[in-house]
Structure formats: C-alpha cells, structure tokens
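Read through the structure below, which is laid out as structure tokens, and then see the notes.
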Amino acid sequence: MHPSLTEKIQVMRNANNVLLLLVIFTACSPINRQNKIKHTFDAANQKLEDAYFEDAIVLYSKVLELDHEIVDAYMNRGVAYFETGHYALALADYNHVRQMKPEFHGILFNRINAYMEMNRMEMAATDIDFLKTIYPDTALIWNVEGLMFGKQKDYMRGKASFKIALAKDARNFDAAVNLGVMHFHLNEFDSAELALTKALKLHENAPEALNPLSLALLHQGKLDEADAVIDKAIALVRDQPYFLNNKGLIQIHKGKYELADSLITQSLKLDPTNQSALDNSRLLKEKQND
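Under this note's numbering, the first residue of the sequence shown is numbered 23, with each subsequent residue one higher.
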C-alpha cells in the first residue's frame, strides 16, 4: 500500500550548524571595569553554551551597557536572540557586527539564517552571492543556498545546490541529508533512499538521516524496512514528536490502526501544533471508517 503523494515529510531541524559563536574577549579598562566585563561575558558564554538563551541575552546586554563596542557580545547575543525566535533582534545584532567589523565575513552566515527565518529571501540571496565570491570552494555556502531554495519549495534548485556542495566536499553530511530531502520532495523516492543511505555511511545511525529515510522507504512500499529505520531514530531520540508521528504514519499503511493512534496521540501531546500529526490523525480516522 503506497502513501499519498500529498503526505508531508517532517525532518528534525538541524539548521546545519552555521550559526557562529565568538568567545574571544575584547579587553577594556580600567582594570576593575575590565574584570567586571570579563566576568559577565564569561558567564554569558556559559549560559549560551548551556542553552539558557534568555539568561545569556540579559548578561550580554549588561556587557554592552558597560562597553557598547564589544563586537563579540553583539555576535553572541544575536545567536541567543536567534535561538529564542527573536529574529529581528538577532538581525540587528548581526548588522552591528557587520558594521563594526566588515572584514569578518562569517557573520553573513548568521545573517542569512535570520533573513530566511524572516522570509526575506532576496536579502539572503544577496549575502549568499557575496559569500560565493569570498569562499567559492566552500561546501557550506552551497549547502546554505540549498536550504534557502528548500524554504522556497524550489526543490530542483535546492537539489542542484546540494549536489554542488557534495562535489566540493563528498563527506559533507548535511549536504547529503538535504539532497535526500530534496529528492523526497520531488517524489524521487529511490534517489532519496540512495542519498540518505550515503549520508548514513558518513554518520552511522544519525537520527536526522534515519527519519527521512524511513519516509522514502514508506513511499516505495517498503513498510517493514521503513518501520525498522524509524525505530532506530526513536531509540536514539526519545519523545521526538516528528519521529513518533512518522512511525504512526507507517502503522497506518501497515493497517495497525490502534498502534498508529497511540503514536500520533503521543506526538500531538508533545507538540499540539504539529500539522503533519493533525493530518495523519484525520487520515487515520478516514481509514478506520472505511
């Protein structure tokens, strides 16, 4: 039994780790003021590392109250803003960094992420094109471009970008996974399976590759293989709503409606806004009423 082509894939967000973090302290004086700034800055960095983003924002802001010219504080506060969904504030901090340190092109990767989350794709594309001139042989910039096209649902161009990334770095795991996802969205399920299998050779049992692979297998009617693969992902990351939902979808197509209901219900308890789980819940009711 093959699933409908309209069913949605959900892939655990990985953001491709292009957010940059600076932890270098910029010295200032006098000594007591310098020590206070350093202590606060170090505490902020620790909060950021520990994912206490709101606390990190407060501490970086205190650093900037003491010295508004510390580039690193703007940089790291921007990362904390981004992680808490305050994309406009993150963008403002990244722009400060760009103005204060124009030779530091790495900040543009952060700015691109903010632009994409704000759906300002033309601005993201401008930064991407500039970075191509600075880092023409770097796989990362092509991977970022592919993500931009993916957000625009331009999967053909996304696929092309990820292929270029892999041509520049055949061991780029993120590009391999994202290429598989592009194939999936283009209904090229056998190619998606091949790309994701290659990704898993780079990072064995990586959940972010196992999850979409299970769906690529599902869409080829390989239900038992799909079930086994998603079980590996769930064993590695428990209580992940997307994984539970996708396992529930597989159970629907295996005719195991009671188990599917349990899994999808659990997914919705973890994330009530999960649209794919809501869609699958309706699909399950339709199957049960047939």
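Ideal Cβ positions, reconstructed from N, Cα and C, are used throughout, including at glycine. These numbers were taken from a predicted model, which means no experiment stands behind them.
Secondary structure at ASP191, three-state DSSP: helix, strand or coil?
coil
Around the C-beta of MET178, are 16 or more other C-beta atoms found within 10 angstroms, so that it is buried, or is it exposed?
exposed
I need the DSSP call for LEU208, collapsed to helix, strand or coil.
Note: LEU208 maps to coil in three-state DSSP.
Give every residue of the same chain whose Cβ lies closer than 6 Å to the Cβ of ALA214, excluding the five residues on either side of it in the sequence, and list them in chain order.
If we look at ALA214 and ignore the five residues flanking it on each side, its Cβ neighbours are GLY202, HIS205, PHE206, ALA238.
For HIS172, name the three-state secondary structure that DSSP assigns.
It should be pointed out that residue 172 corresponds to Gly in this sequence rather than to His. Here GLY172 sits in helix by DSSP.
In angstroms with no decimal places, state the Cα-to-Cα distance between GLU308 and LEU266.
Straight-line Cα distance between these residues: approximately 20 Å.
By the three-class DSSP mapping on this structure, what secondary structure does TYR157 have?
coil
Determine the direct distance from the alpha carbon of ALA146 to that of GLN174, and round the result to whole angstroms.
12 Å
Can you tell me whether THR62 is buried or exposed, with buried defined as 16 or more other CB within 10 angstroms of its CB?
buried
Give the range of the alpha helix (DSSP H) segment to which THR287 is assigned.
279 to 292
Helix, strand or coil for GLU125, going by three-state DSSP, please let me know.
coil
Taking all protein chains shown into account, do 16 or more other C-beta atoms lie within 10 angstroms of the C-beta of HIS241, making it buried, or fewer, making it exposed?
buried
Could you say which of LYS254, ASP283, GLU247, GLU87 lies nearest to ALA228 if we only look at CA atoms?
Minimum Cα distance to ALA228 is reached at LYS254.
Measuring CB to CB, does GLU139 end up less than 9 Å from ALA102?
No, Cβ-Cβ distance for GLU139 and ALA102 is not below 9 Å.
How far does the alpha helix (DSSP H) with HIS275 in it reach, from first residue to last?
263 to 276
Of the choices HIS108, GLY243, LEU86, GLU226, whose alpha-carbon is the least far from that of VAL119?
LEU86
DSSP three-state call for ILE92: helix, strand or coil?
coil
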